[in-house]
Ligand SMILES: [Zn+2]
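In this note's numbering, the protein residues as written are 144 to 435.
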């Protein structure tokens, strides 16, 4: 990925004599995975072969749709026709102020999520909204460029950044706008109010990473194919909102009508029983005194 001009100016500060030893210090994982509560995946797995499909929602290309997932139900996001990336927002159905927290989910699970990872909500709730129970792209791993699927590093394509980068462009089918319209339509909120609830997404099926040399966010054609799906278990009653990104498979461009786009399908499944030992996660019990 050659740069036409340097991304950042050259350093003004001379390199200290001990630079090599400072750089050689080994990193530490920020959050201990040993103490992170983990779901009992086998209890979910035991239910997956006996599910009743109760609702199917089609998300049109370059548009979004919202739907409800009752707690203890499964939900699949399906690549139903052709390679297509989806931008997912999740809310507590009964309190839209509680929503998916991409940043903390990333800090806990890494840049890309998969089976067994839990999608956490924002402060002060900080609890799992959903648990990923199946991923037909779990074979992909990290490729030679450092790319992987289902990222929590991108934010969502949006008309403001597009305007900034295109020097005044007005494009209305970025995921941010699609999610805003769908949320407004499903809740009855004014568009402006709905927009304030749209948050950083889980980029379903999107293949992304950071360049090793410049640390820039990159995307490449998603490996998703027709029939692939990402499945999660709703830990609480959820309102989901999904945009079929105008970038299509995100191989070369988004924020325009240039890419080939496909619909996505959302399927909600009811299990015959609850996972053994499962209980809805409670709100984070930090006392919120903040030292006072
Ligand atoms: Zn998008």
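Glycine included, every Cβ here is placed at the ideal spot set by N, Cα and C.
Would you say residue i touches ligand 1, meaning its beta carbon is less than 6 Å from a heavy atom?
{"i": "residue 206", "result": "no"}
{"i": "residue 400", "result": "no"}
{"i": "residue 397", "result": "yes"}
{"i": "residue 106", "result": "Residue 106 lies beyond the residue range present for the chain, which begins at 144 and ends at 435; the question has no answer from this structure."}
{"i": "residue 350", "result": "no"}
{"i": "residue 300", "result": "yes"}
{"i": "residue 388", "result": "yes"}
{"i": "residue 222", "result": "no"}
{"i": "residue 119", "result": "Limits of the chain in this structure are 144 at one end and 435 at the other, which puts residue 119 out of reach."}
{"i": "residue 384", "result": "no"}
{"i": "residue 318", "result": "yes"}
Which residues in the same chain have their Cβ closer than 6 Å to the Cβ of residue i, if we skip the five residues on either side of it in sequence?
{"i": "residue 219", "result": "372, 374 and 410"}
{"i": "residue 306", "result": "312"}
{"i": "residue 206", "result": "321"}
Tell me residue i's beta-bridge partners as DSSP assigns them.
{"i": "residue 386", "result": "207 and 230"}
{"i": "residue 277", "result": "374"}
{"i": "residue 219", "result": "374 and 410"}
{"i": "residue 352", "result": "361"}
{"i": "residue 243", "result": "264"}
Please identify the residue among the options whose C-alpha is closest to the C-alpha of residue i.
{"i": "residue 175", "options": "151, 283, 159 and 252", "result": "252"}
{"i": "residue 416", "options": "243, 321, 376 and 303", "result": "376"}
{"i": "residue 349", "options": "181, 393 and 193", "result": "393"}
{"i": "residue 282", "options": "301, 275, 288 and 292", "result": "292"}
{"i": "residue 221", "options": "414, 202 and 233", "result": "202"}
{"i": "residue 285", "options": "236, 365 and 403", "result": "365"}
For residue i, count the other beta carbons within 10 Å of its own beta carbon; 16 or more makes it buried, fewer makes it exposed. Which is it?
{"i": "residue 156", "result": "exposed"}
{"i": "residue 443", "result": "This structure gives no information on residue 443, because the portion of the chain shown stretches from 144 to 435."}
{"i": "residue 427", "result": "exposed"}
{"i": "residue 267", "result": "exposed"}
{"i": "residue 210", "result": "buried"}
{"i": "residue 433", "result": "exposed"}
{"i": "residue 229", "result": "buried"}
Give me, in chain order, the residues of the same chain whose beta-carbon lies closer than 8 Å to that of residue i; leave out the 5 immediate sequence neighbours on both sides.
{"i": "residue 263", "result": "243, 244, 247, 248, 251, 269, 270, 271 and 272"}
{"i": "residue 333", "result": "327"}
Here's a check: name, in chain order, each residue in its chain whose Cβ is nearer than 7 Å to the Cβ of residue i, leaving out the five neighbours to either side.
{"i": "residue 351", "result": "290, 294, 296, 297, 360, 361 and 362"}
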